[in-house]
Amino acid sequence: MSINTNLLIIGAGPFGLSMSAFCLQNSIKHLIVGKSMDFWKNNMPEGMKLRSAYDWHLDPAGIDTFERFMQVKELNPDDYRPVPIELYLEYAGWFQKQKNIIPVESMVTRLDFNEDRSEFIAEMDNGEKIVSKNVLLALGFKYFKNIPTEFSEQLPAEKYSHACDISSFSKFNNKKCLVMGGRMSAFESAALLYESGASEVYMSYRHDTPEFTESDWDWVTPLLNKMAETPEWYRDLDESEKDKIGKRFFGEGRLKMEPWLKPRLDKESINIFPNTEITEIIESGDKLKVNFNYGEHITVDHVILATGYKVDINNVPFLKSGNILEKLKIINGYPELSAHLQTSVQGLYVTSMLAMRDMGMFFGFTVSVNASSKIVGNYLIKK
Ligand SMILES: Cc1cc2nc3c(=O)[nH]c(=O)nc-3n(C[C@H](O)[C@H](O)[C@H](O)COP(=O)(O)OP(=O)(O)OC[C@H]3O[C@@H](n4cnc5c(N)ncnc54)[C@H](O)[C@@H]3O)c2cc1C
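Pasting the structure below:
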């Protein structure tokens, strides 16, 4: 069976849901596919707290905001600071109901572009085909996890995990674990490991320890509003201005850690080694002996890689199996984009992490979902 639509949104996380809400409000015929908030449910750890607060919401119309949800449910935001992941998921579920967004919960297995007909054909894992004039990829981080080769090439797969593959740390009860990485996900993983009963937690990273102080994100939303109104604005800034904005965002996001984490890390069995590098990891029975560049070693049961993400659109499975990659202009793993998030294949748009090279680091966070929906949606309306 085949279904026809104008816009196929692939991904039902924050970016896809927000895009769907924009389409519903503006009568853009569309279909949203993917598992609702899948990454948040299955690739973020139980007990996680958000860095973002109540002002980052999913509604481009500004009606069904996170703050509105708290009012309707008669919840006091002060009782939930920092925001627990479970509460954010409740908000996302409420938002979908308010907007009547019903994603088709099946996965795209192959995407092709028919140039003669200027249309996309998506094959689904339920056997259906969706034919669409336009496609938006809202795929988040999952296909882009960064696993340094010293782990993937030297260790058996069961001895290490990327942080996004751990949805609960309880399996590390009584285990000794090394967390690689020194940013938010690494520190939060270390705290959650300790709280889940790990007997010893080690952290190693190559840089200084970031400062545990509140980040200032207030300047980001006005900037994104400007981008939504005039998509070319950010693109037309000269490189030094973009660089300044990028550095400011990096400073808030990566050089500062949430202050509420600090007391959770001040524990005898959490050992933090800044400015260190691993020189060798040797399997020794069912343990791992980890040697550091300053001459010391530790013995652990498991390594957790909080080593982040590296975008490469070539890794997206349903693109690999179709004919689109060969037509795409790709720079350092990112598709080259127009100001309206359109790739070099007419009608194919990307957002979220895949848009970070051209639109800035904001697109790695949900703060940009509404700008993203307006940029693509308003362009489709005019087209
Ligand atoms: C540890 C961690 C903590 C974070 N904390 C915050 C925070 O506090 N605040 C914040 O704003 N951001 C945070 N982020 C970033 C946030 O997770 C991303 O910005 C956001 O999830 C991206 O949303 P998305 O809609 O692009 O994708 P995702 O939420 O990743 O959703 C991807 C969607 O794509 C679908 N999909 C994938 N493949 C297919 C397919 N083949 N067919 C159909 N559908 C498919 C999935 O089913 C899913 O619905 C954090 C990220 C991490 C890793």
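Basically my numbering = 1-based index in the sequence shown + 11. Cβ atoms here follow ideal geometry from the backbone N, Cα and C, with glycine treated the same way.
>> For residue 186, which residues in the same chain have their Cβ closer than 7 Å to its Cβ, ignoring the five residues on either side in sequence?
In response: 209, 210, 312 and 313
> Hey, residue 216 and residue 159 are a contact pair by Cβ (cut 8 Å); roughly how many whole angstroms apart?
Replying inline: That pair is no contact at about 12 Å.
>> My parser needs the beta strand (DSSP E) runs of 3 or more residues fully inside the region 56 to 139; what are they?
In response: 119 to 125 and 130 to 135
>> So residue 146 and residue 21 are supposed to be a Cβ contact under 8 Å. How far apart are they, rounded?
In response: With a Cβ gap of about 6 Å, residue 146 and residue 21 count as contacting.
> Straight-line CA distance for residue 179 to residue 17?
Replying inline: 39 Å
> Relative to ligand 1, is the shortest distance from any of its heavy atoms to the C-beta of residue 311 smaller than 6 Å?
Replying inline: Not so, every heavy atom of ligand 1 lies at least 6 Å from the Cβ.
>> Between which residues of its own chain and residue 14 is the CB-CB distance below 8 Å, once the five residues before and five after are set aside?
In response: 42, 139, 140, 141 and 142
>> Taking contact to mean 3 or more Cβ pairs, one atom from each stretch, closer than 8 Å, check whether the region 218 to 233 and the region 200 to 207 are in contact.
In response: No, the region 218 to 233 does not touch the region 200 to 207.
> Looking at residue 392 and ligand 1, is the gap between the Cβ and the nearest heavy atom below 6 Å?
Replying inline: no
> Residue range of the alpha helix (DSSP H) that residue 35 falls in?
Replying inline: 25 to 36
>> If contacts are defined as beta-carbon pairs under 8 Å, then residue 87 and residue 239 qualify, I think. What distance do you get, rounded to the angstrom?
In response: No, residue 87 and residue 239 are not in contact; Cβ-Cβ is about 31 Å, not under 8 Å.
> Where does residue 272 sit, in a helix, a strand or coil, going by DSSP?
Replying inline: helix
> Would residue 317 be called buried (16 or more neighbouring beta carbons within 10 Å of its own) or exposed?
Replying inline: By the Cβ neighbour-count rule, residue 317 is buried, with 16 or more other Cβ atoms within 10 Å of its own.
> Can you check whether the CB of residue 103 is closer than 7 Å to the CB of residue 362?
Replying inline: no
> In chain order, what residues of the same chain have a beta carbon less than 6 Å from the beta carbon of residue 359, not counting five sequence neighbours either side?
Replying inline: 146
>> Along the chain, where does the alpha helix (DSSP H) containing residue 288 start, and where does it finish?
In response: Neither: residue 288 is in no alpha helix (DSSP H) and is coded neither H nor E.
> Buried or exposed: where does residue 74 fall if 16 or more other Cβ atoms within 10 Å of its Cβ makes it buried?
Replying inline: exposed
>> Quick test of your reading: residue 235 and residue 379, contact by CB under 8 Å. State the CB separation rounded to the nearest angstrom.
In response: That pair is a contact at about 5 Å.
> For residue 25, which option in 292, 287, 356 and 45 has the closest C-alpha, if you only look at C-alpha atoms?
Replying inline: Cα-wise, what sits closest to residue 25 is 45.
> Between residue 268 and residue 198, is the Cβ-Cβ spacing less than 7 Å?
Replying inline: yes
> Residue range of the beta strand (DSSP E) that residue 377 falls in?
Replying inline: That residue, residue 377, is in no beta strand (DSSP E); it is neither H nor E in DSSP.
>> On the criterion of 16 or more Cβ atoms from any shown chain inside 10 Å, does residue 264 qualify as buried, or is it exposed?
In response: buried
> Quick one: is the Cβ of residue 63 within less than 6 Å of any heavy atom of ligand 1?
Replying inline: Distance from the C-beta of residue 63 to the nearest heavy atom of ligand 1 is below 6 Å.
> Nearest CA to the CA of residue 214: which residue from 168, 276, 252 and 206?
Replying inline: 276
> Which one of 294, 375 and 374 has the shortest CA to CA distance from residue 309?
Replying inline: 294
> CB residue 243 to CB residue 366, shorter than 7 Å?
Replying inline: no
> Would you call the CB atoms of residue 71 and residue 33 closer than 7 Å?
Replying inline: yes
> Is residue 46 near ligand 1, with its Cβ less than 6 Å from a heavy atom?
Replying inline: Checking every heavy atom of ligand 1 against the Cβ of residue 46, one is found closer than 6 Å.
> Can you name the residues that DSSP bridges to residue 181?
Replying inline: In DSSP, residue 181 forms no bridge with anything.
> Are residue 287 and residue 302 closer than 7 Å when you measure CB to CB?
Replying inline: no
>> If we require 4 or more residues per run, which alpha helix (DSSP H) segments fall completely within the region 154 to 215?
In response: Within the region 154 to 215, the complete alpha helix (DSSP H) runs of at least 4 residues are 160 to 163 and 195 to 206.
> Helix, strand or coil: which one does DSSP assign to residue 222?
Replying inline: Here residue 222 sits in strand by DSSP.
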